[in-house]
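Peer 1: Be aware that the sequence shown starts at 175, since it is given in this note's numbering, and climbs by one per residue.
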Amino acid sequence: MKFSHDFLFGAASASYQVEGAWDEDGKGMTNWDEFSKIPGKTFEGTNGDVAVDHYHRYKEDVALMAEMGLESYRFSISWARIFPNGDGEINPKGIEFYNNLIDECLKYGIVPFITLYHWDLPLTLEKAGGWLNPRTLDAFVNYAKTCFEAFGDRVKHFITFNETIVFCALGYMAGAHPPGITNDPKKYFQAVHNVFYAHAQAVVLYKSMNLFGEIGISNVFAPAFGVDNSEDSHKAAYHANAYATHLYFDPILKGEYPAYVMDALQKSGFHPEQTADELAIIKQAASLNDFMGLNYYQPSRVELIKGELAQREITRENSTGAPGNPSFDGVFRTVKMDDKRYTKWDWEISPQGFIDGLKMLRERYGHVKLYITENGLGDEDPIVESEICDVPRIKYIEEHLQAVKQAIAEGVNVKGYFAWSVIDLLSWLNGYKKQYGFIYVDHKNNYERKKKMSFHWYRSVIESRGEHL
Ligand code: BGP
Numbered sequence: 175m176k177f178s179h180d181f182l183f184g185a186a187s188a189s190y191q192v193e194g195a196w197d198e199d200g201k202g203m204t205n206w207d208e209f210s211k212i213p214g215k216t217f218e219g220t221n222g223d224v225a226v227d228h229y230h231r232y233k234e235d236v237a238l239m240a241e242m243g244l245e246s247y248r249f250s251i252s253w254a255r256i257f258p259n260g261d262g263e264i265n266p267k268g269i270e271f272y273n274n275l276i277d278e279c280l281k282y283g284i285v286p287f288i289t290l291y292h293w294d295l296p297l298t299l300e301k302a303g304g305w306l307n308p309r310t311l312d313a314f315v316n317y318a319k320t321c322f323e324a325f326g327d328r329v330k331h332f333i334t335f336n337e338t339i340v341f342c343a344l345g346y347m348a349g350a351h352p353p354g355i356t357n358d359p360k361k362y363f364q365a366v367h368n369v370f371y372a373h374a375q376a377v378v379l380y381k382s383m384n385l386f387g388e389i390g391i392s393n394v395f396a397p398a399f400g401v402d403n404s405e406d407s408h409k410a411a412y413h414a415n416a417y418a419t420h421l422y423f424d425p426i427l428k429g430e431y432p433a434y435v436m437d438a439l440q441k442s443g444f445h446p447e448q449t450a451d452e453l454a455i456i457k458q459a460a461s462l463n464d465f466m467g468l469n470y471y472q473p474s475r476v477e478l479i480k481g482e483l484a485q486r487e488i489t490r491e492n493s494t495g496a497p498g499n500p501s502f503d504g505v506f507r508t509v510k511m512d513d514k515r516y517t518k519w520d521w522e523i524s525p526q527g528f529i530d531g532l533k534m535l536r537e538r539y540g541h542v543k544l545y546i547t548e549n550g551l552g553d554e555d556p557i558v559e560s561e562i563c564d565v566p567r568i569k570y571i572e573e574h575l576q577a578v579k580q581a582i583a584e585g586v587n588v589k590g591y592f593a594w595s596v597i598d599l600l601s602w603l604n605g606y607k608k609q610y611g612f613i614y615v616d617h618k619n620n621y622e623r624k625k626k627m628s629f630h631w632y633r634s635v636i637e638s639r640g641e642h643l
């Protein structure tokens with residue numbers, strides 16, 4: 175089987191992780207510009223001041239993408255380039271940069287797939303309370319409108335938010351992302367609701383503008399499975415899926431929150447404040463939302479915690495995706511299993527978990543249109559005689575594309591695949607050590623680009639539309 179011609183083969187990046195030029199051409203400061211400079215917050219104090227200098231080298235990078243045969247480039251807009259303070263005056267230089275980047279993609283027939291919010295919040299808004307302050311929501315909708323007006327003639331795919339669960343959970347529970355708050359479930363669930371309300375307003379607005387494109391959101395997709403077939407493990411998996419999947423997918427696709435979670439939050443006092451108007455707009459947006467983006471790296475394996483509630487101890491190291499944590503409410507814990515494969519960062523490698531998860535989604539949400547907006551392998555790539563031999567990455571992507579193929583054959587509606595990432599870039603908490611790209615960046619040699627083995631491999635996959643996978 176070949177992937178059909180309306181299936182997009184792409185790759186992704188995010189502004190803070192690639193652009194650099196953190197204070198150039200009128201850009202405002204973001205939460206990450208500040209947070210990454212707090213000692214101990216990031217791996218070896220790495221930050222995105224220069225990142226991989228994509229801001230200055232976007233032409234070279236897009237030319238390489240074209241050479242790779244890429245059909246779509248998913249990138250994010252840095253809100254603070256457009257609105258240095260989040261709201262208020264527009265910075266024309268910011269609009270100009272993204273116009274240039276979009277036009278450069280279109281020159282080669284590469285479809286620009288834009289994320290409006292990939293975590294770099296203008297610092298002024300963060301200081302004023304971030305996602306807990308209604309000002310941020312209004313500012314986001316206004317920023318989204320500005321992007322729709324400026325780019326919507328050429329950009330036909332918009333993602334409102336990237337991974338609400340990650341920036342809210344790491345921001346308000348683990349303290350590992352800005353604003354660096356720990357263990358505050360009340361704030362965490364409020365931020366999640368506020369983001370979904372902002373998403374809903376942006377969707378309704380976009381559809382009212384008749385730009386004839388599509389809009390959706392990208393969620394982490396980490397389907398939970400019990401460690402064994404016991405009733406306890408089933409309970410643990412149900413609970414984990416309710417909090418990590420249903421809570422994040424239901425509002426977008428069904429327009430309502432899952433009762434299982436909301437009832438528990440009522441009892442614990444962590445229920446977010448919500449008005450009837452907000453809920454009505456979330457409902458309306460669900461009927462207009464065009465697609466769901468899935469960022470799949472790994473499933474989670476869970477077991478019920480029995481007896482005493484485990485104390486949740488959070489550090490930067492254990493909040494970056496590896497198993498071993500109890501859930502915030504002490505109901506279950508994630509487990510590393512002996513019979514599974516793991517990356518160097520202890521992320522499980524499971525194409526089968528991907529297929530099973532996709533089927534779970536189909537059962538709950540029907541024939542919704544899906545894009546895989548992130549999937550890839552974080553690794554330290556071996557260099558042999560100056561060639562970057564990222565064979566494990568090829569294997570990882572191949573297995574996951576096979577999984578997508580199988581899911582499509584079984585009736586799951588997947589319309590595109592974006593590898594994370596197009597080029598080596600800054601990992602939020604792991605610096606430049608954890609590589610994901612098809613293109614290598616030599617930080618010691620003026621950020622020179624080099625094609626990896628996977629670059630040539632992905633080109634041949636795209637060329638043959640995945641026939642030989
Ligand atoms: C996702 C983010 C990406 C990217 C990726 C890999 O959660 O959307 O921006 O960072 O994870 O994460 P890491 O760099 O921590 O391995």
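All residues carry an ideal CB built from backbone N, CA and C; glycine is no exception.
Thinking C-beta only, is residue 500 closer than 8 Å to residue 398?
Peer 2: As a working note, residue 398 is residue 224 in the sequence shown. As a working note, residue 500 is residue 326 in the sequence shown. Cβ atoms of residue 398 and residue 500: not closer than 8 Å.
Peer 1: Contact between the region 180–195 and the region 224–232 is defined here as three or more beta-carbon pairs at a separation below 8 Å; is this criterion met?
Peer 2: The region 180–195, when compared against the region 224–232, does touch it at the 8 Å Cβ threshold.
Peer 1: Do residue 478 and residue 406 come within 8 Å of each other at the CB atom, strictly closer than that value?
Peer 2: Counting from one through the sequence shown, the residue named residue 406 turns up at place 232. Counting from one through the sequence shown, the residue named residue 478 turns up at place 304. Yes.
Peer 1: Would you grab the beta carbon distance between residue 571 and residue 614 for me? Rounded to a whole angstrom, and I think it's under 8 Å.
Peer 2: Within the sequence shown, residue 571 is the residue found at index 397, counting from 1. Within the sequence shown, residue 614 is the residue found at index 440, counting from 1. That belief does not hold up - the Cβ atoms of residue 571 and residue 614 are roughly 16 Å apart, past 8 Å.
Peer 1: What whole-angstrom Cβ distance do residue 319 and residue 379 have, given they're in contact under 8 Å?
Peer 2: In the sequence shown, counting from the first residue as 1, residue 319 sits at position 145. In the sequence shown, counting from the first residue as 1, residue 379 sits at position 205. Contact holds; Cβ gap of about 6 Å.
Peer 1: Would DSSP call residue 594 helix, strand or coil?
Peer 2: Position 420 of the sequence shown holds residue 594. Looking at residue 594 - three-state DSSP - the assignment turns out to be strand.
Peer 1: Nearest to residue 449 by alpha carbon, out of 367, 466, 476, 386?
Peer 2: As a first step, residue 449 must be located in the sequence shown, where it is residue number 275. Cα-wise, what sits closest to residue 449 is 367.
Peer 1: Considering only their Cβ atoms, is the gap separating residue 546 from residue 606 smaller than 8 Å?
Peer 2: Counted from its first residue, the sequence shown places residue 606 at position 432. Counted from its first residue, the sequence shown places residue 546 at position 372. Against a cut-off of 8 Å, the Cβ pair of residue 546 and residue 606 comes out as no contact.
Peer 1: Put residue 509 into one of helix, strand or coil per three-state DSSP.
Peer 2: Within the sequence shown, numbered from 1, the residue matching residue 509 stands at position 335. Three-state result, residue 509: coil.
Peer 1: According to DSSP, which residues form a beta bridge with residue 623?
Peer 2: Position 449 of the sequence shown holds residue 623. In DSSP, residue 623 forms a bridge with 615.
Peer 1: Got a sec? Which residues, its chain only, sit under 6 Å from residue 523 by beta carbon, not counting five neighbours each side?
Peer 2: Translated into the one-based positions of the sequence shown, residue 523 becomes position 349. Same-chain partners within the cutoff: 515.
Peer 1: Let's see if you can read the secondary structure: which residues bound the beta strand (DSSP E) around residue 605?
Peer 2: As a working mapping, residue 605 is identified with position 431 in the sequence shown. Taken as a continuous stretch (DSSP letters only), residue 605 belongs to no beta strand (DSSP E), as it is neither H nor E.
Peer 1: Look up residue 628 in the DSSP assignment and say whether it is helix, strand or coil.
Peer 2: As a working note, residue 628 is residue 454 in the sequence shown. Correct three-state label for residue 628: helix.
Peer 1: Would you say the beta carbon of residue 337 comes nearer than 7 Å to a heavy atom of the ligand BGP?
Peer 2: The sequence position of residue 337 within the sequence shown is 163, counting from 1. Yes - the ligand BGP has a heavy atom lying nearer than 7 Å to the Cβ of residue 337.
Peer 1: Compute the minimum distance between the beta carbon of residue 548 and the heavy atoms of the ligand BGP, and state whether it is under 7 Å.
Peer 2: Here residue 548 corresponds to residue number 374 of the sequence shown, with the count starting at 1. Yes, the beta carbon of residue 548 sits closer than 7 Å to at least one heavy atom of the ligand BGP.
Peer 1: Would you mind sorting residue 480 into buried or exposed? The rule is 16 or more other CB atoms within 10 Å of its CB.
Peer 2: Here residue 480 corresponds to residue number 306 of the sequence shown, with the count starting at 1. Per the 10 Å Cβ criterion, exposed.
Peer 1: In whole angstroms, what is the alpha-carbon distance linking residue 197 and residue 177?
Peer 2: Counting from one through the sequence shown, the residue named residue 197 turns up at place 23. Counting from one through the sequence shown, the residue named residue 177 turns up at place 3. Spanning the two alpha carbons is a distance of roughly 42 Å.
Peer 1: Using the rule of at least 16 other Cβ atoms within 10 Å of the residue's Cβ for burial, across every protein chain shown, is residue 629 buried or exposed?
Peer 2: Residue 629 sits at position 455 when you count from the first residue of the sequence shown. Burial call: buried.
Peer 1: Mapping the DSSP letters down to three states, classify residue 248 as helix, strand or coil.
Peer 2: Indexing the sequence shown from 1 puts residue 248 at position 74. Three-state DSSP puts residue 248 in a strand.
Peer 1: Going by alpha carbons, who is nearest to residue 137 out of 423, 637, 446?
Peer 2: This structure does not reach residue 137, given that the chain is present from 175 up to 643, and the question cannot be answered.
Peer 1: Could you say which of 442, 600, 575, 594 lies nearest to residue 588 if we only look at CA atoms?
Peer 2: Translated into the one-based positions of the sequence shown, residue 588 becomes position 414. The option with the nearest alpha carbon to residue 588 is 575.
Peer 1: Start and end of the beta strand (DSSP E) containing residue 567?
Peer 2: Numbered from its first residue, the sequence shown carries residue 567 at position 393. From DSSP, residue 567 is part of no beta strand (DSSP E) but of the alpha helix (DSSP H) over 565–583.
Peer 1: Among 206, 635, 557, whose alpha-carbon lies nearest the alpha-carbon of residue 298?
Peer 2: In the sequence shown, counting from the first residue as 1, residue 298 sits at position 124. Comparing Cα positions, the closest option is 206.
Peer 1: Using beta-carbon positions only, say whether residue 468 and residue 395 come within less than 8 Å of one another.
Peer 2: Mapped onto the sequence shown, residue 468 falls at position 294. Mapped onto the sequence shown, residue 395 falls at position 221. For residue 468 and residue 395, yes; Cβs fall inside 8 Å.
Peer 1: So does the region 255–274 actually touch the region 353–367, counting three or more Cβ pairs closer than 8 Å?
Peer 2: No, they do not touch.
Peer 1: Would residue 243 pass as a contact of residue 333 if the rule is Cβ separation under 8 Å?
Peer 2: As a position in the sequence shown, residue 243 is number 69, starting the count at 1. As a position in the sequence shown, residue 333 is number 159, starting the count at 1. No, the Cβ-Cβ distance between residue 243 and residue 333 is not below 8 Å.
Peer 1: When the Cα atoms are used, what is the spatial distance from residue 498 to residue 325?
Peer 2: Along the sequence shown, one-based indexing puts residue 498 at 324. Along the sequence shown, one-based indexing puts residue 325 at 151. So the two alpha carbons sit approximately 43 Å from each other.
Peer 1: Within 10 Å of its beta-carbon, does residue 437 have 16 or more other beta-carbons around it, so buried, or fewer, so exposed?
Peer 2: As a position in the sequence shown, residue 437 is number 263, starting the count at 1. Classification for residue 437: exposed.
Peer 1: How far does the beta strand (DSSP E) with residue 476 in it reach, from first residue to last?
Peer 2: Reading the sequence shown from its first residue, position 302 is the one you call residue 476. 474–478 is the extent of the beta strand (DSSP E) around residue 476.
Peer 1: Quick one: complete alpha helix (DSSP H) runs, 4+ long, within the region 404–433?
Peer 2: DSSP runs (the alpha helix (DSSP H)) wholly in the region 404–433: 405–415, 421–427.
Peer 1: Alpha carbons only, please: which of 257, 371, 278 is nearest the one belonging to residue 269?
Peer 2: Residue mapping note: residue 269 aligns to position 95 of the sequence shown, counting from 1. Ranking 257, 371, 278 by Cα distance to residue 269 puts 257 first.
Peer 1: Just grab the DSSP bridge partners of residue 400 for me.
Peer 2: The sequence position of residue 400 within the sequence shown is 226, counting from 1. Residue 400 pairs with 476.
Peer 1: Taking 7 Å as the cut-off, is the CB of residue 494 close to at least one heavy atom of the ligand COA?
Peer 2: This structure lacks the ligand COA; the ligands present are the ligand BGP.
Peer 1: In this structure, does DSSP put residue 228 in helix, strand or coil?
Peer 2: Taking the sequence shown and counting its residues from 1, the one referred to as residue 228 is at position 54. The answer is helix: DSSP assigns residue 228 an H, G or I state.
Peer 1: What are the boundary residues of the beta strand (DSSP E) that residue 185 is part of?
Peer 2: As a position in the sequence shown, residue 185 is number 11, starting the count at 1. Residue 185 -> beta strand (DSSP E) spans 182–186.
Peer 1: Using only the heavy atoms of the ligand BGP, determine whether one of them is closer than 7 Å to the beta carbon of residue 560.
Peer 2: As a first step, residue 560 is located in the sequence shown; it is residue number 386 there, counting from the start. Not under cutoff, so the answer is no.
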